[in-house]
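To start, the structure itself, in structure tokens.
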Amino acid sequence: MTTNPKGKERIALAFLLSLLGILGPLNIDMYLPSFPDIANDLNARASLVQLSLTACLIGLAIGQAFIGPISDAKGRRKPLLISITLFALSSLLCALAPNITVLIAARFLQGFTASAGIVLSRAVVRDVFSGRELTAFFALLMVINSTAPMIAPMTGGAILLLPFADWHTIFYFLALLGLLIVFTISLKLKETLPPEKRVPSSIRHSLKTMGDLIKDRSYIGYTLTVGFIHGGSFAYVSGTPFVYQDLYGVSPQMFSILFGINGLAIIAGSFIVGRFSRKFTERSLLRAGTIIAVSATTVLLAMTIVKGPLASLVIPIFIYMTSMGIVLTSSFTLAMEKQGHRAGSASALIGLLPLLIGSLVSPLVSIDETTAIPMGVILFSTSLIGTLAFFGLTGRRRTAESLRSGKSANANG
Numbered sequence: 015m016t017t018n019p020k021g022k023e024r025i026a027l028a029f030l031l032s033l034l035g036i037l038g039p040l041n042i043d044m045y046l047p048s049f050p051d052i053a054n055d056l057n058a059r060a061s062l063v064q065l066s067l068t069a070c071l072i073g074l075a076i077g078q079a080f081i082g083p084i085s086d087a088k089g090r091r092k093p094l095l096i097s098i099t100l101f102a103l104s105s106l107l108c109a110l111a112p113n114i115t116v117l118i119a120a121r122f123l124q125g126f127t128a129s130a131g132i133v134l135s136r137a138v139v140r141d142v143f144s145g146r147e148l149t150a151f152f153a154l155l156m157v158i159n160s161t162a163p164m165i166a167p168m169t170g171g172a173i174l175l176l177p178f179a180d181w182h183t184i185f186y187f188l189a190l191l192g193l194l195i196v197f198t199i200s201l202k203l204k205e206t207l208p209p210e211k212r213v214p215s216s217i218r219h220s221l222k223t224m225g226d227l228i229k230d231r232s233y234i235g236y237t238l239t240v241g242f243i244h245g246g247s248f249a250y251v252s253g254t255p256f257v258y259q260d261l262y263g264v265s266p267q268m269f270s271i272l273f274g275i276n277g278l279a280i281i282a283g284s285f286i287v288g289r290f291s292r293k294f295t296e297r298s299l300l301r302a303g304t305i306i307a308v309s310a311t312t313v314l315l316a317m318t319i320v321k322g323p324l325a326s327l328v329i330p331i332f333i334y335m336t337s338m339g340i341v342l343t344s345s346f347t348l349a350m351e352k353q354g355h356r357a358g359s360a361s362a363l364i365g366l367l368p369l370l371i372g373s374l375v376s377p378l379v380s381i382d383e384t385t386a387i388p389m390g391v392i393l394f395s396t397s398l399i400g401t402l403a404f405f406g407l408t409g410r411r412r413t414a415e416s417l418r419s420g421k422s423a424n425a426n427g
């Protein structure tokens with residue numbers, strides 16, 4: 015595949031990588047409306063049905079740590095074909111699960127295999143694009159992928175409205191989608207990592223690559239920035255259903271609207287990066303994004319403490335989610351620009367950290383169900399830590415050192 019493709023080739027690549035990128039969000043959110051039906055049909059407690067979602071998130075996190083290094087050694091295309099084929103099979107296993115235990119195990123496998131779509135779509139972008147083109151193309155993907163968390167629950171709900179459908183149908187749909195993606199990859203995606211740029215395949219070398227990435231202060235600074243700010247947003251995802259509906263009396267329909275509006279905020283943030291990346295450096299945009307995140311969550315925390323009106327929470331959360339789009343897009347470009355032959359491992363670590371942090375902070379929102387303060391504290395704290403990582407680890411001197419070491423690594427690769 016050509017470097018920095020243009021025209022129809024660029025559009026085709028954007029479509030294919032978007033299919034891979036949305037696989038994770040669809041896998042997470044699409045079956046949420048069917049939770050009550052699953053509990054009744056499998057005679058399972060609600061907490062066990064919720065555990066199936068946790069298993070999927072863990073699978074998504076662990077899978078990236080495995081598939082990223084493998085792709086650096088074997089290329090992108092073959093691991094993608096194998097992983098997405100297994101995703102289709104694990105989706106079928108979910109649909110046929112006779113009890114909640116099998117469903118939980120199958121959901122882990124779904125997450126593990128779907129992680130290939132997330133991590134390798136990013137690695138392919140790094141293989142094919144560079145410089146400002148990398149920023150602009152990834153911003154385009156973020157705009158497209160940001161729609162998935164909004165449309166996934168609605169799509170699942172729409173499927174359940176069909177006269178012949180139940181919760182099994184959702185997983186049959188995901189299995190069919192997986193097979194469609196495999197067919198498309200086999201026809202349209204060429205290998206983007208040539209053999210001469212691949213790294214040795216061994217556990218020892220994979221661990222060494224991960225160790226080298228962690229030692230790269232600039233890279234780990236950008237990774238921690240997006241890890242904490244994005245990971246903290248899971249507190250918003252798990253906290254707002256309770257805060258809006260139970261504390262502020264918002265109807266489920268209005269909650270869906272407010273949740274969807276914040277999805278538009280992420281799209282707006284990604285669009286800002288793509289639109290202004292030729293006028294401002296990615297670092298300047300990321301700096302603005304982190305400052306906006308801390309400022310918005312500071313206001314949010316204050317409003318939760320004084321029990322302000324609903325609008326005093328909705329507005330700063332919208333601004334915070336806009337900063338999320340800026341941070342996600344610009345931090346990826348800065349972290350990946352000099353990774354070259356280890357782009358798969360680098361992409362895996364970037365994708366892994368937010369999920370791990372999110373799994374840690376999400377339960378903390380329910381420490382005190384009588385107030386929104388825990389959500390405010392978590393969002394402010396994670397935004398602050400992410401911002402401190404950006405300013406503390408990615409300063410101009412350290413960035414210059416990282417660029418020099420990156421060039422050396424690429425020359426050796």
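Every position in the sequence shown, counted from 1, becomes a number in my numbering once 14 is added.
Idealized CB from N, CA, C, for every residue including glycine.
Beta-carbon contacts of residue i that lie in its chain and below 7 Å, excluding the five residues immediately before and after
{"i": "S104", "result": "A120, L123, Q124 and T127"}
{"i": "G89", "result": "E205, L207 and R212"}
{"i": "A179", "result": "I173"}
Beta carbon of residue i nearer than 8 Å to that of residue j
{"i": "L369", "j": "L67", "result": "no"}
{"i": "A130", "j": "P93", "result": "yes"}
{"i": "L272", "j": "Y250", "result": "no"}
{"i": "T223", "j": "A349", "result": "no"}
{"i": "L155", "j": "A28", "result": "yes"}
{"i": "I114", "j": "V157", "result": "no"}
{"i": "I392", "j": "G246", "result": "yes"}
{"i": "G358", "j": "S135", "result": "no"}
{"i": "G171", "j": "P47", "result": "yes"}
{"i": "I306", "j": "I333", "result": "yes"}
{"i": "E383", "j": "F256", "result": "yes"}
For residue j and residue i, believed in contact at Cβ under 8 Å, the rounded distance
{"i": "G390", "j": "L314", "result": "5 Å"}
{"i": "G235", "j": "T408", "result": "4 Å"}
{"i": "G288", "j": "A150", "result": "5 Å"}
{"i": "L300", "j": "V341", "result": "6 Å"}
{"i": "I36", "j": "A162", "result": "4 Å"}
{"i": "F428", "j": "T295", "result": "What the structure shows of the chain is the stretch from 15 to 427, and residue 428 is not part of that stretch, so it cannot be assessed."}
{"i": "N159", "j": "S32", "result": "6 Å"}
{"i": "Y233", "j": "A360", "result": "7 Å"}
{"i": "A362", "j": "A69", "result": "With a Cβ gap of about 19 Å, A362 and A69 do not count as contacting."}
Residue i versus residue j: straight-line alpha-carbon distance, rounded
{"i": "G38", "j": "K204", "result": "22 Å"}
{"i": "A302", "j": "T311", "result": "14 Å"}
{"i": "S380", "j": "K22", "result": "48 Å"}
{"i": "A53", "j": "W181", "result": "10 Å"}
{"i": "D226", "j": "H219", "result": "10 Å"}
{"i": "T304", "j": "F143", "result": "25 Å"}
{"i": "V8", "j": "I42", "result": "A question about residue 8 goes unanswered here, because the residues of the chain that appear run from 15 up to 427."}
{"i": "I228", "j": "G263", "result": "45 Å"}
{"i": "P323", "j": "N57", "result": "40 Å"}
{"i": "S326", "j": "A316", "result": "10 Å"}
{"i": "Y45", "j": "E210", "result": "42 Å"}
{"i": "E351", "j": "V139", "result": "10 Å"}
Own chain residues within Cβ distance below 8 Å of residue i, not counting five before or after
{"i": "L30", "result": "T198, I199, K202 and L203"}
{"i": "V308", "result": "F394, S397, L398 and T401"}
{"i": "L40", "result": "A162, A166, T169, L188 and L191"}
{"i": "V240", "result": "V341, L342, S345, F346, A349, I364, L367, P368 and G400"}
Continuous alpha helix (DSSP H) stretch holding residue i: start and end
{"i": "A357", "result": "A357 to V375"}
{"i": "D382", "result": "That residue, D382, is in no alpha helix (DSSP H); it is neither H nor E in DSSP."}
{"i": "V138", "result": "I114 to V142"}
{"i": "T312", "result": "E296 to V320"}
{"i": "P47", "result": "No alpha helix (DSSP H) contains P47, which DSSP labels as neither H nor E."}
{"i": "S326", "result": "A325 to M350"}
{"i": "Y233", "result": "R231 to F256"}
{"i": "P93", "result": "R91 to A109"}
{"i": "A189", "result": "W181 to K202"}
Contacts around residue i, its chain only, beta-carbon distance under 6 Å, and the 5 residues preceding and following it disregarded
{"i": "I280", "result": "S160, M335, M338 and G339"}
{"i": "A60", "result": "A53"}
{"i": "I195", "result": "L33 and I98"}
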